[in-house]
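Written below as C-alpha cells is the structure these notes are about.
Residue numbers (the numbering used here): 738 to 1373.
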C-alpha cells in the first residue's frame, strides 16, 4: 500500500532521521512512538504529503487515499456540527446539488415529450444511481452514529462549531476523518481530547478498520488495545516490530540484552586475536599467520548495541512564599453554558499543602472548576482565594495559549520578569531546548515540545499553588515520569485534573469525583477511590456508567424461564469477574517483579509463555464479560 525507502530528513544541518525504510500494508495498525521531538509528527506530515523530505523515495499504490488528523484545524465559521461533518462526503454533496438542480429544472419545464426533457430524466436517474453507490442514502445515519460515539449528543448537532472548545472541534475533525473511509489513516494524539467512553468507542472502531492506521500516542493502554505493530523513532533510526506497545518494550529490552552479551563475547574474541597478532608479529616465521589474522579482523562485522535516547528534561517547582492556611474557599458555586448546566451549588474548602485529584467523565466540570479558580471564566456563587496565594495554571489546551509566530526563546523572554530573564537560556536547556532549537517558531513544535515549553514558562513566575489540567497530554513516557517526580517533591498545594491512574498514583491524597453537576469527596488516594467505587481502573468507572445508561428505562415483565436464564448469566458473570480480578492481580505482581529484577524474573522456566497465556486469558475473559453483560441487558 505504501513503501518508504531510505528516507532522510534534516533540520538545520542535523538529521532528524536518516535512510529509514518501512512499508505499510492493509490491516497494519501501527503505533509510532518515540520521545518528544524525535520526529513522529514530522513522519505523519511526510506520509500525508504536508511536508517535503530531503532524500529517499515514497511509493504509494494507485488510488490509495490518505486521511490525516492534524493538531491544527480551522473550520469555516457559520457551519453546524452536522454541516461540518458532512464535508467528509464531498462527492455525495456534489451529487445532491446536481440532482436538486435537475429536479428544479424538471419542475419548471413543460416540454414533457421532448428529447431534452427525456435526457434530463435519464441524467437524474444516473445521478441517483451514483448517489446510491456512494452511500447517499446512509451517510446521514452513519454521521450521527460516529458523532454520538465520539461523545456528541443529538442536541449538539445543530450548534455552530465555533461555540465548541478546541477539544470538541478536534472531535468533529476526527469524525470527518473516520467517515471518509480512507485507505491509510494517520492519527496524531487522537485520544488527547476524548473522554474514556469515547476512547473505548474509538478503540473498537479502529480494531475493525479495514485499511492501515498509524497512531502517534503516549496512551499506553490505547496503543496496547488497538495496535498490532510498533515503530519507534530514536536517534534518527527506526525499530520496527509486529508487536503492540507493551510487548514491544519487553522485546526491545531482550534484544538489547542479547546484543550486549554478543558484543561482550565478540570483544573477548577480538582481544584474544589481537594478542595472537602481537605474538606472531614478533616472530618472522609467524608473520604470514599474523597477516592472515589481521585480514580476518578487518572482515569482522562489529556487533553494536542499539542506542537508547535517554535525554530527559529537568524539572523542579520551587515554592515562592508560604500562603495562608486556606488556599481556596468556595460556596454555592454554579456554572452553566447556555442551557447546559455543568456545576450546581458547589461548596469547596482547599487548605495549604493539599494534594487533590479531579476525576470524572469529560463535560462534568473538572476543567470548568479549574478555570473558575484562576478567574478565567465567569460563574455564580462566591470564591475566595487565600492570602499570599500565587497560582501556576497549566491549561488542557495549553498550545492555544502560546503564540505560534514567536520563537521558543522570545516566548520565554516575554513571560519573564527582571529576576528571571537572565535564567531563560538555562531553563530552556533543562527542558531540552538547546542551541539553535531556541530559535524555532512555536508553530513548528510538536505537541510534546509545546507542553515542555508551557511547563518551562511556569518556572518564570512565583507560585505556591499548582493547578494542572491534563498535563501529560502529548508528553512521552520519560517526560511524564520527570513531571510526576517533580510534582511529588512539590511542597505547595497541588490540584490535578487527569484520566491517567498511573500518573496520579502517589501524587494525591484526596479525590473529588465530578458527576451529575456535583462533586463528591474521597479522603484517600486514587487507589482508595477506585476501591470505594469497586473498580480496577478509571476506565471501568466510566464503562459502568455507559452500561447503566444503556439499560432500558422500564423493565418488562419476565417469564420464569427468562428469570432462570438471567440468574444463570449473573452467576457466569460473577465467575468471570472473579477470574478477571485474579488474573489482573497476578499480572500486576509479575509487572512489579519485572521492574525490580528483570533478569531473574525472565530467567524462570517458560516465563514469557506463561506471561502471555495470562494476558491472552485475561483478554478472553474480558470478551466473555462483555458478551454475558450484553445478554443480561437484552433480557432485563
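All C-beta atoms, glycine included, are put in the ideal place defined by N, C-alpha and C.
- Do you know offhand how far residue 1156's Cα is from residue 1239's? Cα to Cα, the separation comes out at about 36 angstroms.
- Message: My output table needs one value for residue 936: the three-state DSSP class, helix, strand or coil.
- Response: The answer is helix: DSSP assigns residue 936 an H, G or I state.
- Task: Mind checking who residue 794 pairs with in its DSSP beta bridge?
- Result: According to DSSP, which records beta bridges pairwise, residue 794 is partnered with 742.
- Query: Where residue 1094 and residue 1262 are concerned, what is the direct C-alpha to C-alpha distance, given to the nearest angstrom?
  - Reply: Each residue's alpha carbon lies about 8 angstroms from the other.
- Extent of the continuous beta strand (DSSP E) to which residue 1119 belongs: That run of the beta strand (DSSP E) goes 1117 to 1122.
- Have a look at residue 995 and residue 1144 and give me their C-alpha separation to the nearest angstrom. Residue 995 and residue 1144 have their C-alpha atoms spaced approximately 44 angstroms apart.
- For residue 876, does the count of other Cβ atoms within 10 angstroms reach 16, so buried, or fall short, so exposed? Looking at its Cβ environment, which holds 16 or more other Cβ atoms inside 10 Å, residue 876 is buried.
- Where residue 1102 and residue 1110 are concerned, what is the direct C-alpha to C-alpha distance, given to the nearest angstrom? Going from the Cα of residue 1102 to the Cα of residue 1110 covers about 12 angstroms.
- Message: Can you confirm whether the segment 1117 to 1127 touches the segment 1196 to 1206 when touching is taken to mean that 3 or more C-beta pairs between the two stretches lie within less than 8 angstroms?
- Response: The segment 1117 to 1127 and the segment 1196 to 1206 touch, with three or more beta-carbon pairs separated by less than 8 angstroms.
- Message: For residue 804, list the residues DSSP reports as bridge partners.
- Response: Per DSSP, 922.
- Are residue 1213 and residue 772 touching if we call contact CB-CB under 9 angstroms? Contact annotation: residue 1213 and residue 772 have beta-carbon atoms nearer than 9 angstroms.
- Could you give the DSSP three-state label for residue 1143: helix, strand or coil? Correct three-state label for residue 1143: coil.
- Task: For residue 1088, collect the residues of the same chain with a Cβ closer than 7 angstroms to its Cβ; drop the 5 residues on either side in sequence, then sort them by chain order.
- Result: Here the set comprises 1062, 1063, 1064.
- With 16 other CB atoms within 10 Å as the buried threshold, where does residue 1019 fall? Residue environment: residue 1019 is assigned as exposed (fewer than 16 neighbouring CB atoms within 10 Å of its CB, all protein chains considered).
- Could you check what DSSP says for residue 1251 in three-state terms: helix, strand or coil? Residue 1251 falls in the strand class under three-state DSSP.
- Given that a residue counts as buried once 16 or more other Cβ atoms are within 10 Å of its Cβ, and exposed if not, what is residue 774? Buried is the call here.
- Message: Within 8 angstroms, do at least three Cβ pairs link the segment 760 to 772 to the segment 967 to 979?
- Response: At 8 angstroms Cβ cutoff, the stretches touch.
- Closest by CA to residue 1121, which one among 1198, 1070, 905, 902? Between residue 1121 and the set 1198, 1070, 905, 902, the nearest pair of CA atoms involves 1070.
- Give me the Cα-Cα distance between residue 1286 and residue 890, rounded to the nearest whole angstrom. Bear in mind that the predicted position of residue 1286 carries a pLDDT of just 44, short of 50, making it too unreliable to give a figure here.
- Rounded C-alpha distance that separates residue 902 from residue 821: Rounded to the nearest angstrom, the two C-alpha atoms are 15 angstroms apart.
- When you compare only the Cα positions, how much space is there between residue 931 and residue 806? Per the coordinates, the alpha-carbon of residue 931 lies some 14 angstroms from the alpha-carbon of residue 806.
- Task: Check each candidate in 905, 945, 904, 811 and name the one with the smallest Cα separation from residue 922.
- Result: Here the closest residue by C-alpha is 945.
- Message: According to DSSP, is residue 817 part of a helix, a strand, or is it coil?
- Response: If DSSP states are grouped into helix, strand and coil, residue 817 belongs with the strands.
- Grab me the residues of residue 1290's own chain with a C-beta within less than 8 angstroms of its C-beta, minus the 5 sequence neighbours each way, in chain order. Because residue 1290 carries a pLDDT of 38, less than 50, the predicted location of this residue cannot be relied on, and the following value inherits that uncertainty. Contacts found: none.
- Message: I'd like to know if the segment 877 to 896 and the segment 910 to 918 are in contact, where contact means that at least 3 CB-CB pairs between them fall below 8 angstroms.
- Response: Verdict: yes, contact present.
- Whole-angstrom distance between residue 1166 and residue 703, CA atom to CA atom: Within the shown structure, residues of the chain are numbered from 738 to 1373, placing residue 703 beyond reach of any answer.
- residue 1067, enclosing alpha helix (DSSP H) - first and last residue: Per DSSP, residue 1067 lies in no alpha helix (DSSP H) segment; the continuous beta strand (DSSP E) that holds it begins and ends at 1063 to 1074.
- Report yes or no: do the segment 1351 to 1358 and the segment 1320 to 1331 share at least 3 C-beta pairs separated by less than 8 angstroms? Taking a cut-off of 8 angstroms for Cβ pairs, the segment 1351 to 1358 and the segment 1320 to 1331 touch, as three or more such pairs fall below it.
- Query: Rounded to a whole number of angstroms, what is the C-alpha to C-alpha distance between residue 825 and residue 1328?
  - Reply: Taking the straight line from one Cα to the other gives about 43 angstroms.
- Message: Counting C-beta neighbours from all protein chains within 10 Å, is the total for residue 1283 16 or more, i.e. buried, or is it exposed?
- Response: Its pLDDT being 47, under 50, residue 1283 is placed unreliably in this model, and the coordinates cannot settle the point.
- Where does residue 850 sit, in a helix, a strand or coil, going by DSSP? Three-state DSSP puts residue 850 in coil, outside helix and strand.
- Item | Beta-carbon contacts of residue 1331 that lie in its chain and below 7 angstroms, excluding the five residues immediately before and after | If we look at residue 1331 and ignore the five residues flanking it on each side, its Cβ neighbours are 1338.
- What are the boundary residues of the beta strand (DSSP E) that includes residue 1246? Segment: none, residue 1246 is in no beta strand (DSSP E) and carries neither H nor E.
- Query: Among 984, 974, 841, 976, which has the Cα closest to the Cα of residue 963?
  - Reply: The residue with the shortest Cα to Cα distance from residue 963 is 984.
- Exposure of residue 818, with buried meaning 16 or more beta-carbon neighbours within 10 Å: Only buried fits residue 818, as 16 or more other CB atoms lie within 10 angstroms of its CB.
- Query: Does the separation of the CB atoms of residue 744 and residue 783 fall below 9 angstroms?
  - Reply: Yes, they are a contact pair.
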